[in-house]
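*Asks:* Just so it is clear: in the sequence shown, position 57 is 69 by the numbering used here, and no numbers are missing. No residue lacks a Cβ here, since even glycine has one placed at the ideal position from N, Cα and C. Please read these numbers as outputs of a predicted model, since none were measured by experiment.
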Amino acid sequence: MDDFLQKLRQKVKIGVVGGSDLEKVQEQLGNDVVEKYDYVFPENGLVAYKDGKLLGKQNTQGHLGEVLLQDLINYCLSYIAKIKLLKKRGTFIEFRNGMLNVSPIGRSCSQEERIEFYELDKKENIRQKFVADLRREFAGKGLTFSIGGQISFDVFPDGWDKRYCLGHVENDGYKTIYFFGDKTMPGGNDHEIFTTRGQWATR
């Protein structure tokens with residue numbers, strides 16, 4: 013895939029957008045990912061790189077305020093404490109620049125445990141039920157809850173989904189943008205950008 017994208021880069025600009033922080037993007041695409049692609053948007057573009065250089069950062073804490081953040085974190089931890097799973101590990105909430113990442117099993121699970129949870133989640137909709145509960149509890153608070161990956165979901169201010177990265181690209185004058193993603197269903201972390209008018213998108 014990397015070879016293909018590097019060849020494609022000779023003809024078009026290539027950008028990578030993900031909900032994870034830069035460290036996790038580097039784990040997936042290599043430590044030199046920022047240099048290898050024209051745009052790299054960790055945390056949905058709230059941290060943005062262009063041509064290997066940092067463009068800017070946004071901060072969830074400053075936007076939401078400490079009171080709402082603590083209410084959210086406390087509620088999530090209380091909910092997780094009541095869930096019975098096959099296994100639980102550690103790092104249930106990861107605080108990032110642009111979002112909170114919430115994992116019922118815990119992000120420190122092994123790859124085998126990750127797959128085990130993912131299969132269970134597909135049957136029992138653990139994350140979907142968790143998100144539905146949060147949407148009820150925090151209705152009107154300006155928060156978006158988005159399921160992505162295998163073991164977690166993201167929480168961020170309304171409008172801070174993957175569409176956020178489009179602002180950086182559109183500022184550079186691009187009119188046609190092709191997006192490729194897998195979590196394009198409602199509630200998935202590719203859904204909003206996938207359904208944005210004025211661009212081509214595919215799974």
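Give a yes or no on whether the C-beta atoms belonging to residue 85 and residue 116 are separated by under 7 Å.
*Replies:* The count along the sequence shown starts at 1 and reaches residue 85 at position 73. The count along the sequence shown starts at 1 and reaches residue 116 at position 104. No; because the gap between Cβ atoms is not below 7 Å, this pair is not in contact.
*Asks:* Does the distance from the C-beta atom of residue 143 to that of residue 155 stay below 7 Å?
*Replies:* In the sequence shown, the residue the question calls residue 143 occupies position 131. In the sequence shown, the residue the question calls residue 155 occupies position 143. It is not a contact, given that the beta carbons lie outside the stated cut-off.
*Asks:* Taking residue 93 as part of the alpha helix (DSSP H), name the residues at either end of that continuous run.
*Replies:* One-based indexing of the sequence shown puts residue 93 at position 81. Counting along the chain, the alpha helix (DSSP H) containing residue 93 begins and ends at 78-94.
*Asks:* Taking the alpha-carbon of residue 39 as reference, which of 114, 160 and 54 has the nearest alpha-carbon?
*Replies:* As a position in the sequence shown, residue 39 is number 27, starting the count at 1. Comparing Cα-Cα distances from residue 39 to each of 114, 160 and 54, the minimum goes to 54.
*Asks:* Which one of 47, 68 and 63 has the shortest CA to CA distance from residue 57?
*Replies:* Residue 57 sits at position 45 when you count from the first residue of the sequence shown. Checking every option, the nearest Cα to that of residue 57 belongs to 68.
*Asks:* For the pair the region 120-140 and the region 167-186, tell me if three or more CB-CB distances fall below 8 Å.
*Replies:* Segments in contact, no.
*Asks:* Below 8 Å, how does it come out for the region 148-165 and the region 190-203: are there three or more Cβ pairs, yes or no?
*Replies:* The region 148-165 is in contact with the region 190-203.
*Asks:* From this set, 23, 33 and 59, which residue's C-alpha is nearest residue 180's C-alpha?
*Replies:* Numbered from its first residue, the sequence shown carries residue 180 at position 168. Comparing Cα-Cα distances from residue 180 to each of 23, 33 and 59, the minimum goes to 59.
*Asks:* With a Cβ-Cβ cutoff of 7 Å, do residue 47 and residue 64 count as a contact?
*Replies:* Your numbering for residue 47 matches position 35 in the sequence shown. Your numbering for residue 64 matches position 52 in the sequence shown. Their beta carbons are under 7 Å apart, which means residue 47 touches residue 64 by this criterion.
*Asks:* In this structure, does DSSP put residue 99 in helix, strand or coil?
*Replies:* Residue mapping note: residue 99 aligns to position 87 of the sequence shown, counting from 1. If DSSP states are grouped into helix, strand and coil, residue 99 belongs with coil.
*Asks:* So what's residue 58 in DSSP terms, helix, strand or just coil?
*Replies:* Counting from 1 along the sequence shown, the entry for residue 58 is found at position 46. Residue state, collapsed to three classes: coil.
*Asks:* Is residue 105 near residue 97, with beta carbons less than 7 Å apart?
*Replies:* Here residue 105 corresponds to residue number 93 of the sequence shown, with the count starting at 1. Here residue 97 corresponds to residue number 85 of the sequence shown, with the count starting at 1. No.
*Asks:* Label residue 191 either buried or exposed according to how many other C-beta atoms from any shown protein chain fall within 10 Å of its C-beta, with 16 as the threshold for buried.
*Replies:* Numbered from its first residue, the sequence shown carries residue 191 at position 179. Looking at its Cβ environment, which holds 16 or more other Cβ atoms inside 10 Å, residue 191 is buried.
*Asks:* Please state the DSSP three-state secondary structure of residue 74.
*Replies:* Taking the first residue of the sequence shown as position 1, residue 74 is located at position 62. Residue 74: helix per DSSP, three-state reduction.
*Asks:* In or out: residue 90 buried (at least 16 other Cβ within 10 Å) or exposed?
*Replies:* As a working mapping, residue 90 is identified with position 78 in the sequence shown. With fewer than 16 other Cβ atoms within 10 Å, it is exposed.
*Asks:* So residue 108 packs on residue 33, CB below 8 Å; how close in whole Å?
*Replies:* Walking along the sequence shown from the start, residue 108 turns up at place 96. Walking along the sequence shown from the start, residue 33 turns up at place 21. That pair is a contact at about 5 Å.
*Asks:* Spatial neighbours of residue 121 within its chain, please: C-beta separation below 6 Å, excluding the five flanking residues on both sides.
*Replies:* Within the sequence shown, numbered from 1, the residue matching residue 121 stands at position 109. Here the set comprises 101.
*Asks:* Short check: CB of residue 51 to CB of residue 62, under 7 Å?
*Replies:* Taking the sequence shown and counting its residues from 1, one reaches residue 51 at position 39. Taking the sequence shown and counting its residues from 1, one reaches residue 62 at position 50. Contact flag set, yes.
*Asks:* Can you tell me whether residue 206 is buried or exposed? The criterion is at least 16 other CB atoms within 10 Å of its CB, across all chains shown.
*Replies:* Stepping through the sequence shown from its first residue, residue 206 is reached at position 194. The residue in question, residue 206, is buried, as its Cβ has 16 or more Cβ neighbours within 10 Å.
*Asks:* Taking 7 Å as the threshold (C-beta atoms), are residue 103 and residue 119 in contact?
*Replies:* As a working note, residue 119 is residue 107 in the sequence shown. As a working note, residue 103 is residue 91 in the sequence shown. Yes; because the gap between Cβ atoms is below 7 Å, this pair is in contact.
*Asks:* Beta-carbon within less than 7 Å of residue 175's beta-carbon, same chain only, minus the 5 sequence neighbours each way: which residues are those?
*Replies:* Reading the sequence shown from its first residue, position 163 is the one you call residue 175. Closer than 7 Å at the Cβ level, and outside the excluded window around residue 175, lie 204, 205 and 208.
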